[in-house]
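Everything on this sheet refers to the single structure shown next.
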Amino acid sequence: MKTIKAVHLRLYVAGHAPNSVLAIVNAKAFCEAHYLPGYKLEIVDLMDHPLRALEDGIVVTPTLVRLMPKPSRKVIGTLTDQRQVVLALGAG
Amino acid sequence: MTPLANKNAALTQRLSEAEATIEALISGQIDAVVDTRTKGPVLLTKAQDALRASEERYRQIVETANEGIWTIDANSITTFMNGRMASMLGYTQAEVIGLPLSSIVSKAQQPKAASNIESGRAGRRSESALIRKDGTELWVSVSSTPRLNAAGEYAGALAMITDRTEHREAEDALRRSEEQYRQIVETTTDGIITVDRRGQVVFVNKRLAEMLGYEPREMIGKPSMSFMTLTGQAVAKAAFKRRENGVADSSDSTFLHRDGTEVTVHISGTPVVDSKGNHTGSMAVVRDVTESRRLQSQLMVSDRMASVGTLAAGVAHEINNPLAAVMANLDYIADVVGKLGGNAPGVMSPAMRETWIRDEIKAPLNDAREAAERVRFIVRDLKMFSRSPSEELKGPVNVKDVMESSLRMAWNEVRHRARLVKNYGTVPDVDANEARLGQVFLNLIVNAAQAIPEGNADTNEIRVTTRLDSGRVVIEVTDTGPGIHPDIINRVFDAFFTTKEVGGGTGLGLAICHRIVTDIGGELTVRSEVGAGTVFRVSLPEAVIEAVTVEPAVIPQGGRRGRILIVDDEDMIIRILTRILGKEHDVVATVDARKALALCAAGEKFDLILCDLMMPLMTGMELHSEISLLSPEQAKAMIFVTGGAFTEKTRSFLSDIPKEHIEKPFDAANLRAIVQRYLR
Numbered sequence: 001m002k003t004i005k006a007v008h009l010r011l012y013v014a015g016h017a018p019n020s021v022l023a024i025v026n027a028k029a030f031c032e033a034h035y036l037p038g039y040k041l042e043i044v045d046l047m048d049h050p051l052r053a054l055e056d057g058i059v060v061t062p063t064l065v066r067l068m069p070k071p072s073r074k075v076i077g078t079l080t081d082q083r084q085v086v087l088a089l090g091a092g
Numbered sequence: 093m094t095p096l097a098n099k100n101a102a103l104t105q106r107l108s109e110a111e112a113t114i115e116a117l118i119s120g121q122i123d124a125v126v127d128t129r130t131k132g133p134v135l136l137t138k139a140q141d142a143l144r145a146s147e148e149r150y151r152q153i154v155e156t157a158n159e160g161i162w163t164i165d166a167n168s169i170t171t172f173m174n175g176r177m178a179s180m181l182g183y184t185q186a187e188v189i190g191l192p193l194s195s196i197v198s199k200a201q202q203p204k205a206a207s208n209i210e211s212g213r214a215g216r217r218s219e220s221a222l223i224r225k226d227g228t229e230l231w232v233s234v235s236s237t238p239r240l241n242a243a244g245e246y247a248g249a250l251a252m253i254t255d256r257t258e259h260r261e262a263e264d265a266l267r268r269s270e271e272q273y274r275q276i277v278e279t280t281t282d283g284i285i286t287v288d289r290r291g292q293v294v295f296v297n298k299r300l301a302e303m304l305g306y307e308p309r310e311m312i313g314k315p316s317m318s319f320m321t322l323t324g325q326a327v328a329k330a331a332f333k334r335r336e337n338g339v340a341d342s343s344d345s346t347f348l349h350r351d352g353t354e355v356t357v358h359i360s361g362t363p364v365v366d367s368k369g370n371h372t373g374s375m376a377v378v379r380d381v382t383e384s385r386r387l388q389s390q391l392m393v394s395d396r397m398a399s400v401g402t403l404a405a406g407v408a409h410e411i412n413n414p415l416a417a418v419m420a421n422l423d424y425i426a427d428v429v430g431k432l433g434g435n436a437p438g439v440m441s442p443a444m445r446e447t448w449i450r451d452e453i454k455a456p457l458n459d460a461r462e463a464a465e466r467v468r469f470i471v472r473d474l475k476m477f478s479r480s481p482s483e484e485l486k487g488p489v490n491v492k493d494v495m496e497s498s499l500r501m502a503w504n505e506v507r508h509r510a511r512l513v514k515n516y517g518t519v520p521d522v523d524a525n526e527a528r529l530g531q532v533f534l535n536l537i538v539n540a541a542q543a544i545p546e547g548n549a550d551t552n553e554i555r556v557t558t559r560l561d562s563g564r565v566v567i568e569v570t571d572t573g574p575g576i577h578p579d580i581i582n583r584v585f586d587a588f589f590t591t592k593e594v595g596g597g598t599g600l601g602l603a604i605c606h607r608i609v610t611d612i613g614g615e616l617t618v619r620s621e622v623g624a625g626t627v628f629r630v631s632l633p634e635a636v637i638e639a640v641t642v643e644p645a646v647i648p649q650g651g652r653r654g655r656i657l658i659v660d661d662e663d664m665i666i667r668i669l670t671r672i673l674g675k676e677h678d679v680v681a682t683v684d685a686r687k688a689l690a691l692c693a694a695g696e697k698f699d700l701i702l703c704d705l706m707m708p709l710m711t712g713m714e715l716h717s718e719i720s721l722l723s724p725e726q727a728k729a730m731i732f733v734t735g736g737a738f739t740e741k742t743r744s745f746l747s748d749i750p751k752e753h754i755e756k757p758f759d760a761a762n763l764r765a766i767v768q769r770y771l772r
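Residue numbers (my numbering), protein chains in the order written: chain C, 1 to 92; chain Y, 93 to 772.
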């Protein structure tokens with residue numbers, strides 16, 4: 001039986017800034033493409049929760065962090081180039 | 093994994109994250125950076141946009157400014173110029189960076205520029221010449237501001253540059269045009285005068301001062317009224333009032349020359365207002381028309397003479413007819429009296445004798461007298477038309493009398509062409525000059541006649557009418573000629589416009605008539621219908637002064653017998669005067685004034701001396717002055733008898749003589765009455 005690996009992603013954004021909005025859209029599309037049937041995508045708006053940035057060691061937005069599976073990985077930018085995202089995070 | 097390998101992997105991880113961050117930053121994928129001091133995200137886009145927008149705003153201002161903008165560093169090396177400034181100088185913006193101030197500001201201006209920069213005063217404006225790339229000069233106005241560094245030291249300057257070339261050219265043009273105006277004002281043949289609101293002279297040009305015999309500086313500051321005659325002052329007063337109401341117009345007036353003579357002028361005045369529109373005085377162009385008025389009146393007289401000359405043949409005819417009647421009637425009487433012989437009327441019955449005397453003597457005598465009277469009228473008309481301008485006094489004139497004179501003069505022109513219809517309404521006298529008014533009427537009548545072809549006198553009509561129309565005396569001359577075409581009717585009063593063939597008319601007649609009529613405050617108008625005829629209408633103001641009516645001669649009843657001396661070079665006149673006066677008075681007569689003088693010198697006394705004015709050996713004037721030396725009393729008893737044809741000298745002489753003069757021809761009753769009046 002194939003074990004379903006849990007995928008947990010967190011995207012740090014800055015309100016409705018254009019790059020952030022684009023990153024959200026791209027992140028959702030990426031997860032739908034690679035992590036079905038199950039994944040968790042968390043979106044953290046630093047404009048609402050500024051302290052979360054320091055706690056999580058975030059310097060710029062947008063930043064996508066793979067919390068699970070370990071080891072954690074970061075992808076910075078709008079996530080427009082899917083090949084790079086696959087390289088960084090690995091596909092499903 | 094070893095701890096070291098672990099550490100190494102972590103480091104690599106961090107490094108690649110940093111690289112990715114930088115890459116994302118560069119490619120513009122970053123929205124916000126977390127500020128470690130405020131512990132919050134700082135939105136990058138907002139800050140960038142604001143910076144970019146503000147830069148753009150400044151760039152636009154700098155580049156679209158109409159002024160040149162120029163910055164130099166502490167060593168006076170150009171660090172920036174906006175497009176406007178670079179193009180002013182003929183450079184591209186890139187070319188100017190690094191150019192020293194010394195190659196942009198003209199040499200002569202460099203010390204000033206340096207001092208301006210160093211004085212360090214912001215916003216200081218000065219004029220300066222810059223050097224274009226092609227070496228030509230560019231006049232600019234410069235406003236410079238020093239730039240200080242953080243330490244407060246001079247770090248260069250920013251200058252705003254405005255192109256003054258156009259201003260300068262405009263200023264030059266203004267100066268040139270002012271100079272031109274000054275020249276026009278000073279060289280014009282018209283006088284120019286400006287007065288303030290009180291009428292004080294503010295400015296006069298040379299010409300006006302010359303006209304009045306002054307220097308301009310002698311007139312400035314004086315009341316303008318002091319250079320005018322009383323009439324001129326009245327004209328000016330009314331004109332100043334009109335100027336105050338903003339009216340510009342022109343009028344005739346008289347100024348006073350320094351030597352006391354009158355200068356006839358035509359003035360065109362304009363109100364002067366300041367920039368706020370307040371009335372500050374008036375300006376006038378003054379033209380000396382003394383000479384042109386003189387020429388004009390000469391022209392009028394020569395036109396009048398010309399018409400009399402043209403009519404001379406007709407007038408001669410007019411004189412010849414009655415003259416023939418006079419002669420024939422006198423011959424007839426002489427014949428009758430000569431045949432009397434033995435058939436003296438004494439042998440007839442009283443009734444027969446009365447009938448005989450009435451038919452054979454009185455009737456032809458009356459006819460002769462009537463005919464002679466007509467000759468007298470014609471000669472008087474001729475005299476009226478040939479008066480010189482100096483005798484042209486204005487006064488109350490009887491329109492009908494003048495019209496009658498004119499009709500007699502023109503009768504020969506009229507009678508072959510049309511029936512003459514006179515329709516005289518009762519009108520008051522008009523203020524005019526007889527001769528000039530006669531000239532107008534004569535012109536209108538002759539024109540009317542000449543409009544009608546000769547031959548059908550009974551089917552054509554020339555009608556003269558006089559009537560009073562709402563306070564104005566209206567005289568109309570109507571003809572049944574072909575009429576004037578609408579195309580040319582507006583030109584009939586133009587000088588030199590004529591439809592007559594060469595030699596038929598000067599074309600001045602109606603122009604002069606128009607001038608005469610408007611000069612006395614009247615109007616001359618024309619109305620015409622092609623095929624029906626033409627009406628010329630003169631409308632004149634009523635005379636203000638009542639005509640002085642000459643008291644009719646009263647034949648004296650048993651007057652005093654006096655001793656009378658008659659002096660006349662014409663034997664005929666001596667004989668008739670002796671005949672008229674000899675029965676009532678003691679008459680002594682001589683044809684030689686020198687004999688008359690001898691009589692007076694010998695102590696002879698006379699109650700009256702009837703003296704001719706124009707005599708070949710000694711004139712009446714000379715006799716008068718000689719007798720005055722002998723006895724002023726005797727000189728006062730002189731009455732002059734004149735046949736007209738005056739000179740200026742005789743005219744003023746006669747006006748100084750207290751007693752009225754007797755005009756030839758005279759009638760017996762009138763002569764007796766005058767003599768009797770002075771004998772009492």
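Glycine is no exception: its CB is placed at the ideal position from the N, C-alpha and C atoms.
Which residue's Cα is closest to the Cα of residue i: the options?
| i | options | result |
| --- | --- | --- |
| Y/A340 | Y/L322, Y/G361 and Y/H349 | Y/G361 |
| Y/D165 | Y/K131, Y/M177, Y/L240 and Y/G227 | Y/L240 |
| Y/I196 | Y/N174, Y/K204, Y/R224 and Y/M180 | Y/R224 |
| Y/P133 | C/L22, C/P62, C/G38 and C/A88 | C/P62 |
| Y/Q726 | Y/G735, Y/T734, Y/L715 and Y/V733 | Y/L715 |
| Y/E465 | Y/V519, Y/T280, Y/E410 and Y/R289 | Y/E410 |
| Y/S343 | Y/S498, Y/S316, Y/V378 and Y/Y424 | Y/V378 |
| Y/T551 | Y/P520, Y/T558, Y/H508 and Y/R564 | Y/H508 |
| Y/M180 | Y/S119, Y/I253, Y/R149 and Y/E219 | Y/I253 |
| Y/C703 | Y/L722, Y/E505, Y/I749 and Y/A693 | Y/I749 |
Of all Cβ atoms in chain C, is any one closer than 8 angstroms to the Cβ of residue i?
| i | result |
| --- | --- |
| Y/L240 | no |
| Y/D123 | yes |
| Y/L135 | yes |
| Y/E109 | yes |
| Y/A116 | yes |
| Y/A145 | no |
Starting from the C-beta of residue i, find all residues in its chain whose C-beta is less than 6 angstroms away, skip the five residues before and the five after it, and write them out in chain order.
| i | result |
| --- | --- |
| Y/D396 | Strictly speaking, residue 396 of chain Y in this sequence is Arg, with Asp absent from that position. F477 and Q531. |
| Y/A205 | V197 |
| Y/M392 | I604 |
| Y/A681 | I658, I666 and T670 |
| Y/H677 | R653, G654 and I656 |
Who are the Cβ neighbours of residue i in its own chain at under 7 angstroms, not counting the five residues just before and after it?
| i | result |
| --- | --- |
| Y/S168 | P192 and L193 |
What first and last residue would you give for the beta strand (DSSP E) that runs through residue i?
| i | result |
| --- | --- |
| Y/H358 | E354 to V365 |
| Y/F172 | T170 to M173 |
| Y/P238 | E229 to L240 |
| Y/Y306 | Here Y/Y306 belongs to no beta strand (DSSP E), and DSSP marks it neither H nor E. |
| Y/T617 | E615 to E621 |
| Y/T682 | D678 to T682 |
| C/D45 | K40 to D45 |
Could you tell me whether the Cβ of residue i comes closer than 8 angstroms to any Cβ of chain Y?
| i | result |
| --- | --- |
| C/P69 | no |
| C/N19 | yes |
| C/A29 | no |
| C/L46 | yes |
| C/L54 | yes |
| C/A14 | yes |
Please compile the residues from chain Y whose C-beta is within a distance smaller than 7 angstroms of the C-beta of residue i.
| i | result |
| --- | --- |
| C/I58 | V126 |
Going along chain C, which residues have a C-beta under 7 angstroms from residue i?
| i | result |
| --- | --- |
| Y/G132 | P50 |
In the DSSP assignment, find the alpha helix (DSSP H) that holds residue i and state where it starts and stops.
| i | result |
| --- | --- |
| C/A29 | P18 to H34 |
| Y/Y770 | A760 to L771 |
List the residues of chain C whose Cβ lies closer than 8 angstroms to the Cβ of residue i, in chain order.
| i | result |
| --- | --- |
| Y/T113 | V59, V60 and I76 |
If the cut is a Cβ gap below 9 angstroms, which residues of chain C does residue i touch?
| i | result |
| --- | --- |
| Y/A247 | None at all; the shortest Cβ gap to chain C is about 36 angstroms. |
Excluding the five sequence neighbours on either side, which residues of its own chain have a C-beta within less than 8 angstroms of the C-beta of residue i, listed in chain order?
| i | result |
| --- | --- |
| Y/E229 | S198, A221, L222 and I223 |
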